[in-house]
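Taking it in order: structure first as structure tokens, then the write-up.
2 protein chains.
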Amino acid sequence: MVTGILKQVSFFSGLGSADLNKVLSIAGVKKYTAGQMVFAKQDLGNNFFIVKSGRIKIFTTVGGKRKIFAFLKKGEFFGEMSLLGGRVRSASAQAVADSELFVISKKNFRRLLCENPEFSLKLLQTLAERLSKANRDVESMLFHNILGRLAEAILDLSRDTRAKPVKMAIDQNELAQYLGTTRVPVCRAINTLKRSGIIDYRRGELVILNQARLKSMAGEA
Amino acid sequence: MVTGILKQVSFFSGLGSADLNKVLSIAGVKKYTAGQMVFAKQDLGNNFFIVKSGRIKIFTTVGGKRKIFAFLKKGEFFGEMSLLGGRVRSASAQAVADSELFVISKKNFRRLLCENPEFSLKLLQTLAERLSKANRDVESMLFHNILGRLAEAILDLSRDTRAKPVKMAIDQNELAQYLGTTRVPVCRAINTLKRSGIIDYRRGELVILNQARLKSMAGEA
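Top to bottom, those sequences are chains B and F. In terms of this note's numbering, the first sequence is residues 95 to 315. In terms of this note's numbering, the second sequence is residues 95 to 315.
Here it is, written out as structure tokens:
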């Protein structure tokens, strides 16, 4: 039955039942309360994590400034980087809501990789996606102004939302940190998008009113 | 004998002989002259490439501006991104010197992944490294000024050079594009580093004179 639940979860959806049972048999489960750190940048990395429930923020801090790389939810994973190479964590991870994580040790992670081609393929696809996202971030910072970057960030963060019109709860500070900037310019950019009728934003809820114009501002075809 | 040669090459160094022979048996070899494009961003991706000899530039262009992501040499690979997910190329690839490439078709690439755990592991490690590099690029752009970014780029580009002091041939335009900026600010920053006795730069050859100070400017410990 647990296998059934897991199969609905994105990371596991590409895995066969045999692979899935193997993952399950070696994973522990750990609970984190909202605000609790899972690990900090530069910690030694000894575990791989899959989100069972809740929401995890991946971010970096340099000299007091903060950049959020991603918000991860049910079925998404993290912590693979230091197990694949660098030994120390390349970013920090923090629970932003009460969360449960599947925890897999370094040794078991390596075993999964060697024994389960589907597991490796799934990991490879996700790393390729994240790399592609990071390169788009770089492009975006070099070539776009704050409005284009905000448009892109809103589209990124809403990509899995099925409801039409797209609504999402997001804090202005979080949005600023996702862009790696401060609250004031983001607040100004939000107001510009509101005045143009492209989005609405009230009490922490953002609604996309004109997806086509948002895409064109983000430089998407 | 070819197996012997390949084993010295970084991508293959982690593979056993059986895996290696499998890669070899399914790869074609293609020649490119200096300046020739291997593929362009947005092309459909149907091949995976390993550099046999020469030098390949991976870059993106947005509205006339250019950003170089990497220079790849013997034993390094590229082209995996669109085979793992996105279908179209996420960046452009061009030979900057006369080059030979091993070419592996999409179908054979998938077969290699499923049948050879070591091949997958090697790919995963490299993607993790590149993701980590991309995230450092993002951090660097957000948190450093042009001097810090130049210091970081010089260290990146010289990472595999064994000679002491480190010398490398690099064009100011290429350096600017590696930073995603234009020639003038880079030229100014190079002169600052020269005046401080940290590097020397003459007729396209850069010499690192004070690695420790360069590292501290780049924010490395």
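All C-beta atoms, glycine included, are put in the ideal place defined by N, C-alpha and C.
| Query | Result |
| --- | --- |
| Of the choices F:F172, F:M131, F:C208, whose alpha-carbon is the least far from that of A191 of chain F? | F:M131 |
| Using a threshold of 8 Å, state whether the C-beta atoms of D261 of chain F and E299 of chain F are closer than that. | Correcting the residue type first, residue 261 of chain F is Lys in the shown sequence and not Asp. Contact: yes. |
| If you draw a straight line from the alpha carbon of I284 of chain B to that of Y295 of chain B, how long is it in whole angstroms? | 8 Å |
| Establish whether the CB of T154 of chain B and some CB of chain F are separated by less than 8 Å. | yes |
| Within 8 Å of any Cβ in chain B, is that where the Cβ of R149 of chain F sits? | no |
| Measure the alpha-carbon distance for M95 of chain F versus L118 of chain F and round it to whole angstroms. | Note that M95 of chain F scores 46 on pLDDT, short of 50, meaning its location in the model is unreliable and no value can be drawn from it. |
| Over the uninterrupted alpha helix (DSSP H) stretch that includes N202 of chain B, give me the two end residues. | 200-209 |
| T154 of chain B and S186 of chain B look like a contact to me (Cβ under 8 Å); what is the Cβ gap, rounded to whole Å? | 7 Å |
| May I ask you to report which of helix, strand or coil DSSP gives T286 of chain F? | helix |
| Please classify G122 of chain F: is it buried, with 16 or more other beta-carbons within 10 angstroms of its beta-carbon, or exposed? | exposed |
| Within 8 Å (strictly less), CB to CB, does V145 of chain F reach chain B? | no |
| Quick one: complete alpha helix (DSSP H) runs, 4+ long, within the region 233-271 of chain F? | 240-251 |
| Helix, strand or coil for V190 of chain B, going by three-state DSSP, please let me know. | coil |
| Anything in the region 224-235 of chain F with a Cβ closer than 7 Å to a Cβ of chain B? List those residues in chain order, please. | R224, L225, S226, A228, N229, D231, V232, E233, M235 |
| Please report the straight-line C-alpha distance between L308 of chain B and E268 of chain B, rounded to a whole angstrom. | 19 Å |
| When DSSP builds the beta bridges, which residues end up paired with D294 of chain B? | B:V301 |
| How big is the Cα-Cα spacing for L114 of chain B and F165 of chain F? | 39 Å |
| Quick one: which chain F residues come within Cβ less than 9 Å of G180 of chain B? | A222, E223, S226 |
| Who pairs with G122 of chain F in a beta bridge, going by DSSP? | F:V197 |
| For a quick check, are the C-beta atoms of V225 of chain F and A228 of chain B less than 8 Å apart? | Val is not the amino acid found at residue 225 of chain F; the sequence shown has Leu there. Yes. Within cutoff. |
| Which parts of the region 139-163 of chain F are runs of the beta strand (DSSP E), unbroken and 3 residues or longer, counting only runs that do not cross its ends? | 141-147, 149-156 |
| Considering only the beta carbon of each residue, do L236 of chain B and K159 of chain F sit closer than 8 Å? | yes |
| Quick check on DSSP: helix, strand or coil for K135 of chain F? | coil |
| Helix, strand or coil for L177 of chain F per DSSP? | helix |
| Going by the beta-carbon positions, is the gap between I264 of chain B and L251 of chain B smaller than 8 Å? | yes |
| Counting C-beta neighbours from all protein chains within 10 Å, is the total for E314 of chain F 16 or more, i.e. buried, or is it exposed? | exposed |
| Please state if the CB of G179 of chain F and the CB of E212 of chain B are separated by a distance shorter than 8 Å. | no |
| Within a Cβ cutoff of 6 Å, which residues of the same chain sit near V301 of chain B, ignoring the five residues on either side of it in sequence? | P259, K261, D294 |
| Just the C-alpha distance for A112 of chain B and R181 of chain B, rounded to the nearest angstrom, thanks. | 30 Å |
| Report the neighbours of S269 of chain F on chain B: residues whose CB is nearer than 8 Å to its CB, in chain order. | The question names Ser, but residue 269 of chain F is Leu in the sequence shown. Here the premise fails: no neighbours, minimum Cβ distance about 15 Å. |
| Would Q219 of chain F count as contacting chain B if we go by Cβ distances under 8 Å? | yes |
| Determine, using beta carbons only, whether F133 of chain B comes closer than 8 Å to chain F. | no |
| Determine, using beta carbons only, whether S184 of chain B comes closer than 8 Å to chain F. | yes |
| Which partner residues of V182 of chain F appear in the DSSP bridge assignment? | F:L138 |
| Measure the alpha-carbon distance for N202 of chain F versus I152 of chain F and round it to whole angstroms. | 23 Å |
| Check the Cβ-Cβ distances between G171 of chain F and every residue of chain B, and say whether any is below 8 Å. | Reading off the sequence, residue 171 of chain F comes out as Phe, not Gly. Chain B, which has no Cβ nearer than 8 Å to the Cβ of F171 of chain F, makes this no. |
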